[in-house]
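Peer 1: Sending over a structure as structure tokens; questions will come in a sec.
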Amino acid sequence: MKNIKTSFLYIVFILVVFSFFLLAAEREGKPVLFCSTTQINDFVKNVVGDDCIVYAVLPPGADPHTYQPTPGDAQRAASVDLCFENGLHLEGKNWMATLAKDAGKPIVTCTDGIEPLIIEKSGQTVPDPHAWFDPRNAAVYVRNITEAVCKLDPINKEKYEARARLYLQQLRNLHAWIKKEVSRIPPHRRILITSHDAFNYFGRTYNIDAQAPVGWSTGSEIGAGMTPKRRIEIIESTKKMGVRAFFVETSVNPKLIREIARETGIKIGGELYSDSMGEHGTAGDTYIGMMRENVLKIVKALE
Ligand SMILES: [Zn+2]
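Residue numbers (our numbering): 129 to 431.
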């Protein structure tokens, strides 16, 4: 009896060791990818499925403009095969490019090939980095990602391209759906006021006048770029324009926009996802989800 028990334990032990090696072997050889933002992480996952191991630097809710990489990020960068960034200086002081360079790793700039909107920031003209807010630009991100992973891992090329085709179709559906939803807002009410100006591409694509009191970047502190004169201008102009609602953002401190809302008596239309997607398990934890949730809130507050 004792012998049977011993051999049973022995078999279990062998099985455990064997499955451990199987798991290790399965991970072994998979390309490891490192993405700067939550949106890029989502695009990459939609293309690579389980054929690569994917990590993101930014957790949900973090601000890419002001983020400072940690020693842990540098350590991870050293262990990956390929890095992905948004580019157009979304990553403040180009922190993702620096992480990749210091680790000696190649990097893909997902906005390559996109004609950026040019905006004014403290008297200077700069490219607007928030390009993903037009789903047609998101498609460019996805094509850049697909090309890069096919080159990195040609054995799985067909799978990457097949997933990309499906996802690009979903992006086209999203674009058509947003156009239809936004058409319910009367043209004179299409004014979108948010904490920081992440919504220029969205505004241009869907004929909405997007404005932000804070300025192009979120800066090192909330209210960066806000002067008393500018504040009075905003309060006057929002009253004159007949603004229906202000919106706060999940990755930006809402203090300033709430103050202005209080002073003008204009309601807060809700919290939008801008530079970050939602926490895991929320409706906004994917790119398509965050766009859908934003549009539902915007249409409800402005229509
Ligand atoms: Zn931003």
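Where is the CB? At the ideal position from N, CA and C, for every residue including glycine.
1. Can we count Ala190 as close to ligand 1, meaning its CB is less than 6 Å from some heavy atom?
2. Comparing C-alpha positions only, which one of Gly177, Ile168, Phe171 sits nearest to Pro159?
3. Where Ser311 and Gln339 are concerned, what is the direct C-alpha to C-alpha distance, given to the nearest angstrom?
4. Can you tell me whether Gly409 is buried or exposed? The criterion is at least 16 other CB atoms within 10 Å of its CB, across all chains shown.
5. How many Å lie between Asp337 and Gly157 at the Cα?
6. Indicate whether the contact test is met: 3 or more Cβ pairs, each with one atom in the region 224 to 234 and one in the region 182 to 197, closer than 8 Å.
7. Tell me which residues pass a beta-carbon proximity test against ligand 1: closer than 5 Å to any heavy atom, given in chain order.
8. Please determine, among Ser402, Asp413, Glu289, Pro263, the residue with the shortest C-alpha to C-alpha distance to Asp179.
9. In the DSSP output, what is Phe374 paired with across the bridge?
10. Using the DSSP secondary-structure output, state which residues sit across from Gln252 in a beta bridge.
11. Between the Cα of Ile385 and those of Ile362, Tyr138, Asp256, spot the shortest distance and give me the residue it belongs to.
12. Is it true that the region 195 to 202 meets the region 240 to 252, where meeting means three or more beta-carbon pairs spaced less than 8 Å apart?
13. Is the Cβ-Cβ distance between Ser404 and Thr166 less than 7 Å?
14. So what does DSSP say about Asp413, is it helix, strand or coil?
15. Please classify Tyr415 as buried or exposed, where buried requires at least 16 other C-beta atoms within 10 Å of its C-beta.
16. Quick one: residues in its chain with C-beta nearer than 7 Å to the C-beta of Pro382, no 5 flanking neighbours on either side, listed in chain order?
17. Counting pairs of Cβ atoms below 8 Å between the region 297 to 309 and the region 420 to 430, do you hit three or more?
18. Identify every run of the alpha helix (DSSP H) within the region 169 to 254, keeping only runs that are complete inside it and at least 4 residues long; order them along the chain.
19. Which of the three DSSP states, helix, strand or coil, is assigned to Ala338?
20. Helix, strand or coil for Val160 per DSSP?
21. Give me the Cα-Cα distance between Gly215 and Ser135, rounded to the nearest whole angstrom.
22. Using only CA atoms, which one of Val371, Ile394, Ala266 lies nearest to Leu302?
23. Using the C-alpha atoms, what's the distance from Trp260 back to Val277?
24. Determine, using beta carbons only, whether Phe171 and Ile235 come nearer to each other than 7 Å.
25. Less than 8 Å between the CB atoms is what I'm expecting for Val270 and Ala304, so what's the real figure, rounded?
26. If we define contact as Cβ-Cβ less than 7 Å, is Lys233 a contact residue for chain C?
27. Tyr288 lies in the alpha helix (DSSP H); which residues open and close that run?
28. Apart from the five residues on each side of it in sequence, which residues of its chain come closer than 8 Å, Cβ to Cβ, to Cys238?
29. Residues in its own chain within less than 8 Å of Leu161 by CB, not counting five upstream and five downstream?
30. Name the residue from Gln297, Asp325, Lys357, Tyr334 whose alpha carbon lies nearest to the alpha carbon of Arg317.
Peer 2: In brief:
1. False, no ligand heavy atom lies under 6 Å from that Cβ.
2. Looking at the Cα atoms, Gly177 is the closest of the given residues.
3. Each residue's Cα considered, the two are about 19 Å apart.
4. Answer is exposed; the Cβ neighbour count stays below 16.
5. If you take the alpha carbons of Asp337 and Gly157, they lie about 48 Å apart.
6. When Cβ pairs closer than 8 Å are counted between the two stretches, the region 224 to 234 is seen to touch the region 182 to 197, the count reaching three or more.
7. Output, sorted by chain position: Ala326, Asp403.
8. Looking at the Cα atoms, Glu289 is the closest of the given residues.
9. Note: Phe374 sits in a beta bridge opposite Ile321, Ile396.
10. According to DSSP, which records beta bridges pairwise, Gln252 is partnered with Lys249.
11. Out of Ile362, Tyr138, Asp256, Ile362 has the C-alpha closest to the C-alpha of Ile385.
12. No, they do not touch.
13. In contact: Ser404 and Thr166 (Cβ atoms closer than 7 Å).
14. Asp413: coil per DSSP, three-state reduction.
15. Burial call: buried.
16. Counting only Cβ-Cβ distances below 7 Å, and skipping sequence neighbours, we find Ser323, Val376.
17. In short, these stretches touch, since the Cβ pair count reaches three.
18. Counting only runs of 4 or more, we get 199 to 206, 223 to 231.
19. Strand at Ala338.
20. Three-state result, Val160: strand.
21. Cα to Cα, the separation comes out at about 59 Å.
22. Checking every option, the nearest Cα to that of Leu302 belongs to Ala266.
23. Within the model, the alpha-carbon separation for Val277 versus Trp260 is close to 20 Å.
24. For the pair Phe171 and Ile235, the CB atoms are not nearer than the 7 Å cut-off.
25. Not a contact, Cβ separation roughly 17 Å.
26. In the displayed structure, chain C is absent; only one protein chain is listed.
27. Residues 285 to 310.
28. Excluding positions up to five away in sequence, the list reads Ile168, Phe171, Phe212, Glu213, Asn214, Gly215, Val268, Tyr269, Asn272, Ile273.
29. Excluding sequence neighbours, Leu161 sits near Val172, Val176, Cys180, Ile181, Val182, Tyr183, Val208, Asp209, Leu210, Cys211, Phe212, Val277.
30. Taking each of Gln297, Asp325, Lys357, Tyr334 in turn and checking the Cα distance to Arg317, the smallest one comes out for Tyr334.
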